[in-house]
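Whatever position you read off the sequence shown (first residue = 1), add 1163 for my numbering.
This report concerns only the one structure given below.
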Amino acid sequence: MPAFPAAAALATRDATLRANLRHATRTIREKRARAVAELGDWPELRAAGKAIKDHTLRHLDHYLLRLERAVTAAGGTVHWAADADEANRIVTRLVRATGEREVVKVKSMATQEIGLNEALAAAGITAYETDLAELIVQLGDDRPSHILVPAIHRNRAEIREIFAERMSEWGRPAPEGLTDRPADLAEAARLHLRETFLRARVAVSGANFMVAETGTLVVVESEGNGRMCLTLPDTLISVVGIEKVVPTWRDLEVFLQLLPRSSTAERMNPYTSLWTGTTAGDGPSAFHLVLLDNGRTTALADQTGRQVLRCIRCSACLNVCPVYERAGGHAYGSVYPGPIGAVLTPQLRGTTSPLDASLPFASTLCGACYDVCPVAIDIPEVLVHLRERVVRQRGHRLERAAMAAATYVLDRPALLAAAERAAARTRRLHLRRLPGPGRAWTDTRDLPQPPAEPFRDWWRRNRG
Ligand code: SF4
């Protein structure tokens, strides 16, 4: 992937993409604003969400061990994965042990983050996405461009075409004469997926939350595909980031109010699935929880950056971001696009690649993301913090040389006085615009003219 400015420049030339994004983000953000305005205690809920997450992150080791004990006591098995490779190896081994060659998947950012589908495919195992938008992305050989609506960049006509052309390669074909009416498209997906649900013996999921006190995992969704995956197969493997733990059910109550209104603008999401270990004769008989670090403890060690681990992936910040609305999600080169991607990805992956180093600059710092964030992540603060890190790491050769020269002169008062006098005498020759790489800076700024007389000379003449 190229760095963000190059990818965004390409994306903004696509008029269809811009129209799709404008329509979708405006609709969602207006609905969200109405849903949030219904609650008189939204600021208090937001403060509670922030406080619970901060407390949990401060004692993360304690709550993770408590969660592990509870999951194990309920009949589940916990695996710890330090990075993407380890998580992929664990899941592949678990699927192979069942003897199955295919899995159904509930929409999961964590498994996209680690590239699980590709790792399974390399081991000869097919992963079927069952969320409608993820299905569109998978059938279209595409990449997700939004956290909640991964196919937000596609319109109805494009989706109809993808279904008609590609569904047959993955199972039941699209009905003859499929139209682009939303109901017809949903019905085609339902018929296609139903056969996969009934066949699959292994499911892979993520989780929105994990309750430490009982070892309960929670998935919230809108289509019911999650419920099918979580209940029908014999084996369930959940890959979850370690920051998703909350201490108690009482804490969960806060997030089950914050998340639906912030994400889909609903008072309550249609399906909330909760499970605790295994239960004989009810749901999967084997449950594995893979706890994923993959850069999270590095983020946790950063006093300013750790607040991004509060994120509940609602995507409200994407829908209000003027940069996301124009550039779309693909330009961020990560499964986490938009403002949260600009602060999360560089912390998970580091800032050594040109793409990751460019992400903290993919923002106007307008602050709209902070205003809507249900857990009050100060994204602009983290962006500035990460920009400092990138500049410190990389430094610009010219900037470094200029700073070294300034340090040398400012350390020597006689030299500084001589330089000021020389500048005053040659002030008419001073450039209004800088040449070369400095031009971009002076395109939008006036280079100040040196004064006719240095202040120290004026002082000596008048007061000396
Ligand atoms: S940063 Fe805040 S607004 Fe953005 S996805 Fe995360 S929780 Fe939602």
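Note that the Cβ used here is the ideal one computed from N, Cα and C, for glycine as well.
I'd like to check one pair, Lys1216 with Arg1413: are the Cβ atoms closer than 7 angstroms? no
Measure the C-alpha to C-alpha separation of Leu1356 and His1242 and round it to an integer number of angstroms. Within the model, the alpha-carbon separation for Leu1356 versus His1242 is close to 29 angstroms.
Taking only heavy atoms of ligand 1 into account, decide whether any of them is closer than 6 angstroms to the Cβ of Ala1539. no
Residues bridged to Val1408 [DSSP beta-bridge criterion]: Met1373
In the structure shown, what three-state DSSP assignment does Asp1304 receive? coil
Can you tell which of Arg1256, Asn1251, Gln1420 has its C-alpha closest to the C-alpha of Glu1207? Gln1420
Of the residues Phe1418, Arg1176, Arg1362, the one placed nearest Cys1392, counting alpha carbons only: Arg1362
Would DSSP call Leu1597 helix, strand or coil? coil
Are the CB atoms of Gly1491 and Leu1184 within a distance shorter than 7 angstroms? yes
Asp1445 by DSSP, collapsed to three states: which one? strand
Rounding to the nearest angstrom, what Cα-Cα distance links Met1373 and Thr1179 in this structure? Answer to the nearest angstrom: the Cα atoms are 39 angstroms apart.
Just the C-alpha distance for Arg1619 and Ala1580, rounded to the nearest angstrom, thanks. 8 angstroms
According to DSSP, is Tyr1499 part of a helix, a strand, or is it coil? coil
Measuring from the CB of Ala1525, is there a heavy atom of ligand 1 at a distance below 6 angstroms? no
Out of Gly1212, Leu1399, Ala1236, Asn1388, point me to the one whose CA is closest to Glu1292's CA. Asn1388
Within 7 angstroms, strictly: CB atoms of Val1408 and Leu1230: yes
State the Cα-Cα distance for the pair Asp1305 and Gly1334, rounded to the nearest angstrom. Near 18 angstroms, if we compare the C-alpha coordinates of Gly1334 and Asp1305.
Helix or strand or just coil, what does DSSP make of Glu1386? coil
Extent of the continuous beta strand (DSSP E) to which Lys1268 belongs: Element bounds for Lys1268: 1265-1268.
Tell me whether Cys1484 counts as near ligand 1, meaning its Cβ is closer than 6 angstroms to at least one heavy atom of that ligand. no
Exposed or buried, Trp1621, counting other C-beta atoms within 10 Å across all chains shown (16 or more means buried)? exposed
Check this for me: beta carbons of Ala1351 and Pro1336, under 7 angstroms apart or not? Contact: no.
Identify whether Ala1366 lies in helix, strand or coil by the three-state DSSP scheme. strand
Separation of Tyr1487 from Pro1168, as counted between CA atoms: 12 angstroms
Runs of alpha helix (DSSP H) wholly within the stretch 1167-1205 (minimum 4 residues, chain order): The stretch 1167-1205 contains these whole alpha helix (DSSP H) runs: 1167-1174, 1178-1200.
Return the chain-ordered list of same chain residues with a C-beta closer than 8 angstroms to the C-beta of Pro1598, the five sequence neighbours on each side being excluded. none
Out of Leu1452, Arg1323, Gly1278, point me to the one whose CA is closest to Val1381's CA. Leu1452
Tell me, to the nearest whole angstrom, how far the beta carbon of Gly1440 is from that of Ala1237; I am working on the premise that it is less than 8 angstroms. 2 angstroms
Any heavy atom of ligand 1 closer than 6 angstroms to the CB of Arg1476? yes
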